[in-house]
Amino acid sequence: MRLNRASDFALRILMLLSNADEALSVETISKRLDLPKSHVMKIVSQLAAGGFVTTRRGRSGGVQINTENGDISVGEVVRAIESEFAVVDCLAKSSPRCSFEPRCALKSAMIKATDAFLGVLDSYRLSDIAARTQRPRTHKAA
Numbered sequence: 007m008r009l010n011r012a013s014d015f016a017l018r019i020l021m022l023l024s025n026a027d028e029a030l031s032v033e034t035i036s037k038r039l040d041l042p043k044s045h046v047m048k049i050v051s052q053l054a055a056g057g058f059v060t061t062r063r064g065r066s067g068g069v070q071i072n073t074e075n076g077d078i079s080v081g082e083v084v085r086a087i088e089s090e091f092a093v094v095d096c097l098a099k100s101s102p103r104c105s106f107e108p109r110c111a112l113k114s115a116m117i118k119a120t121d122a123f124l125g126v127l128d129s130y131r132l133s134d135i136a137a138r139t140q141r142p143r144t145h146k147a148a
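Start counting at 1 in the sequence shown, then tack on 6, and there's your number in the numbering used here.
Right under this line is the structure:
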């Protein structure tokens with residue numbers, strides 16, 4: 007199974023925020039993670055909607071991990087960011103009806119595989135991963 011880039015970016019943003027002592031601006035997040043600012047803004051908006059981060063506007067504003075949300079699992083974040091987990095075309099919401107339905111063993115196997123994948127991600131807590139991960143290198147402008 008492959009996650010989309012938005013999930014990758016969201017997890018990196020949350021890891022950075024987990025280790026931050028203060029709120030970080032979108033610009034700071036963008037620079038520290040070497041991600042496009044427009045992507046960071048979009049993902050921060052999704053993370054805020056999911057309750058993973060809080061945002062404040064203004065001079066003393068920024069983005070912070072939402073400590074009221076408790077210990078976040080990687081699986082929770084992935085589910086909030088990914089729009090669909092279609093490992094094969096027949097699982098996609100937009101897919102036409104499968105010609106093997108209603109008794110397709112492949113579909114059942116793929117659903118179980120997806121559930122197992124997400125189950126493993128659920129077993130990892132963001133705080134544990136962030137604590138064992140070094141801070142990102144700062145990128146120097148050329």
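Just so you know, even glycine gets a beta-carbon here, dropped at the ideal spot from N, CA and C. Just so you know, these numbers come straight off a predicted model, no measurement behind them.
Contact check for Leu-23 against Glu-88 fails: the beta carbons are separated by 8 Å or more. In the DSSP assignment, the residues bridged to Leu-30 are Val-69. With a threshold of 16 other beta carbon atoms within 10 Å, Glu-90 falls short and is exposed. In this structure, the beta-carbon distance from Ala-16 to Arg-62 does not fall below 8 Å.
Residue state for Val-126 is assigned as helix, using DSSP reduced to three classes.
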